[in-house]
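Numbering (my numbering) for the sequence shown: 191 to 520. I have placed the structure first, in the form of structure tokens, so that the comments after it can refer back to it.
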Amino acid sequence: MANALQDGFGRTIDYLRLSVTDRCDFRCVYCMAEDMRFLPRQQILGLEELYRAARLFVGRGVKKIRLTGGEPLVRRDILGLCERIAALPGLRELVMTTNGAQLARLARPLAEAGVKRLNISLDSLDPARFRAITRTGELARVLDGIEAARAAGFERIKLNTVVMQGRNADEVLALVDYAVARGLDISFIEEMPLGEVGRSRGEAFCSSDEVRARIASRYALLDCAEQSGGPARYVRLPAHPASRIGFISPHSHTFCASCNRLRLTVEGRLLLCLGHEQSLDLRALLRRHPTDDRPLVDAIDRALLHKPQQHDFSASGEVQVLRFMNASGG
Ligand code: SAM
Ligand code: SF4
Numbered sequence: 191m192a193n194a195l196q197d198g199f200g201r202t203i204d205y206l207r208l209s210v211t212d213r214c215d216f217r218c219v220y221c222m223a224e225d226m227r228f229l230p231r232q233q234i235l236g237l238e239e240l241y242r243a244a245r246l247f248v249g250r251g252v253k254k255i256r257l258t259g260g261e262p263l264v265r266r267d268i269l270g271l272c273e274r275i276a277a278l279p280g281l282r283e284l285v286m287t288t289n290g291a292q293l294a295r296l297a298r299p300l301a302e303a304g305v306k307r308l309n310i311s312l313d314s315l316d317p318a319r320f321r322a323i324t325r326t327g328e329l330a331r332v333l334d335g336i337e338a339a340r341a342a343g344f345e346r347i348k349l350n351t352v353v354m355q356g357r358n359a360d361e362v363l364a365l366v367d368y369a370v371a372r373g374l375d376i377s378f379i380e381e382m383p384l385g386e387v388g389r390s391r392g393e394a395f396c397s398s399d400e401v402r403a404r405i406a407s408r409y410a411l412l413d414c415a416e417q418s419g420g421p422a423r424y425v426r427l428p429a430h431p432a433s434r435i436g437f438i439s440p441h442s443h444t445f446c447a448s449c450n451r452l453r454l455t456v457e458g459r460l461l462l463c464l465g466h467e468q469s470l471d472l473r474a475l476l477r478r479h480p481t482d483d484r485p486l487v488d489a490i491d492r493a494l495l496h497k498p499q500q501h502d503f504s505a506s507g508e509v510q511v512l513r514f515m516n517a518s519g520g
């Protein structure tokens with residue numbers, strides 16, 4: 191195999207987040223506007239293009255691929271794509287981030303297709319609040335989906351919660367209790383300023399330090415050096431060894447120094463950093479060179495030299511990046 195991908199700061203890049211759709215059956219308040227317009231079909235990568243992109247990156251040393259979106263489970267034939275990507279020689283793990291709404295039906299087939307771990311978003315355990323945050327989501331379906339995922343034999347399941355003052359910050363302990371009772375991991379995410387979603391984000395901002403203090407009021411916490419290959423910092427609960435708690439803190443704790451990730455949007459833009467607009471138009475290259483991989487690999491290697499050292503989100507919640515999260519691949 192060729193040398194591993196390296197950026198201009200010597201960071202090894204071995205993790206690709208691949209967005210398989212910009213569409214979603216939810217409209218979470220932090221992610222989308224209420225009336226979203228989605229991309230026309232010809233602008234998004236076809237299944238064969240997604241597979242080819244995955245194959246190229248694995249050939250250049252990517253060990254982990256996360257399928258995301260939008261909601262990956264609304265993409266037609268997602269199971270076939272999972273199966274083919276999971277079988278790529280050299281890939282260590284295929285994982286997925288999902289809102290969980292389709293998991294009651296799809297958890298087992300996904301595990302059988304080779305998806306090793308799942309991140310499932312869960313922002314509230316109260317049906318009315320859950321509906322208010324997701325605008326269209328039904329909590330009971332997601333909870334059923336989580337149970338189906340537990341029964342399907344994934345290596346690990348992690349819940350993801352975006353914490354917002356006035357919406358769910360007072361549920362942090364209840365969510366930890368829920369995760370701990372089931373031996374699941376849970377990560378709490380600070381809201382990121384991606385896309386204009388029709389409200390000010392600054393007011394709702396809740397720092398990871400505050401979330402941690404809330405959890406520490408009930409649970410003893412032990413810092414740990416563990417890394418999942420993603421941006422979360424983890425703590426363990428000595429009394430509940432099966433669960434870990436993660437904090438994803440783009441505002442308060444810069445995670446850029448250890449960044450090992452790239453994102454490919456469903457339009458085929460290779461994003462070098464979630465917080466910057468620099469990108470490579472891989473779709474154009476995929477279509478211009480349908481059989482010759484060399485120009486694509488060369489372009490990827492060159493683009494990597496321009497991966498920024500760090501993002502520069504500010505806690506005021508002002509929009510700096512015009513993309514919506516669903517288009518970036520969360
Ligand atoms: N639809 C799937 C889901 O919700 O899990 C996958 C895509 S979603 C964009 C991926 C993750 O990004 C979710 O955990 C979601 O909560 C998070 N997310 C979306 N918008 C965000 C924002 N503005 N700030 C922080 N996290 C965000
Ligand atoms: Fe859909 Fe996920 Fe965005 Fe919510 S966070 S609107 S579930 S893509």
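All C-beta atoms in this analysis are idealised placements derived from N, C-alpha and C, irrespective of residue type, glycine included. None of the values given here were measured: they were computed from a predicted structure.
Original post:
Taking 8 angstroms as the line, does the beta carbon of R217 fall inside it for any heavy atom of the ligand SF4?
Top reply: Within the sequence shown, residue 217 is the residue found at index 27, counting from 1. The closest heavy atom of the ligand SF4 lies less than 8 angstroms from the beta carbon of R217.
**OP:** Compute the distance between the beta-carbons of I268 and I255, then report whether it is under 9 angstroms.
**Re:** In the sequence shown, residue 268 corresponds to position 78, counting from 1. In the sequence shown, residue 255 corresponds to position 65, counting from 1. No; because the gap between Cβ atoms is not below 9 angstroms, this pair is not in contact.
Subject >> Inter-residue Cα distance where the pair is D483 and Q196 >> reply: The residue given as residue 483 occupies position 293 in the sequence shown. The residue given as residue 196 occupies position 6 in the sequence shown. Computed Cα separation, rounded: 19 angstroms.
Subject >> Reduced DSSP category for Q355 - H, G, I as helix; E, B as strand; rest coil >> reply: For this step, residue 355 is matched to residue 165 along the sequence shown. If DSSP states are grouped into helix, strand and coil, Q355 belongs with coil.
**OP:** Using three-state DSSP, classify D413 as helix, strand or coil.
**Re:** Mapped onto the sequence shown, residue 413 falls at position 223. Correct three-state label for D413: strand.
Original post:
How big is the Cα-Cα spacing for E238 and L486?
Top reply: Counting from 1 along the sequence shown, the entry for residue 238 is found at position 48. Counting from 1 along the sequence shown, the entry for residue 486 is found at position 296. So the alpha carbons of these two residues sit roughly 15 angstroms apart.
Subject >> F320: first and last residue of the uninterrupted alpha helix (DSSP H) it sits in >> reply: As a working note, residue 320 is residue 130 in the sequence shown. Note, F320: alpha helix (DSSP H), 317–324.
Subject >> Ranges of the alpha helix (DSSP H) found wholly within the stretch 213–263, counting only runs of at least 4 >> reply: 237–249, all fully within the stretch 213–263.
Subject >> Distance cut-off 8 angstroms: S311 Cβ against heavy atoms of the ligand COA >> reply: Among the ligands modelled here, namely the ligand SAM and the ligand SF4, the ligand COA does not occur.
Original post:
Mind checking whether the beta-carbon of I347 lies closer than 8 angstroms to any heavy atom of the ligand SAM?
Top reply: Looking up residue 347 in the sequence shown gives position 157. No, the Cβ of I347 stays beyond 8 angstroms of every heavy atom of the ligand SAM.
Original post:
Can you tell which of T324, S407, G343, S314 has its C-alpha closest to the C-alpha of V305?
Top reply: The residue labelled residue 305 in the question sits at position 115 within the sequence shown. For the options T324, S407, G343, S314, the alpha carbon positioned closest to that of V305 is the one of G343.
Subject >> Heavy atom of the ligand SF4 within 8 angstroms of C214 beta-carbon >> reply: The residue given as residue 214 occupies position 24 in the sequence shown. Under cutoff, so the answer is yes.
Original post:
Straight-line CA distance for R298 to A339?
Top reply: On the sequence shown, position 108 is the one that residue 298 refers to. On the sequence shown, position 149 is the one that residue 339 refers to. If you draw a straight line from the Cα of R298 to the Cα of A339, it is about 7 angstroms long.
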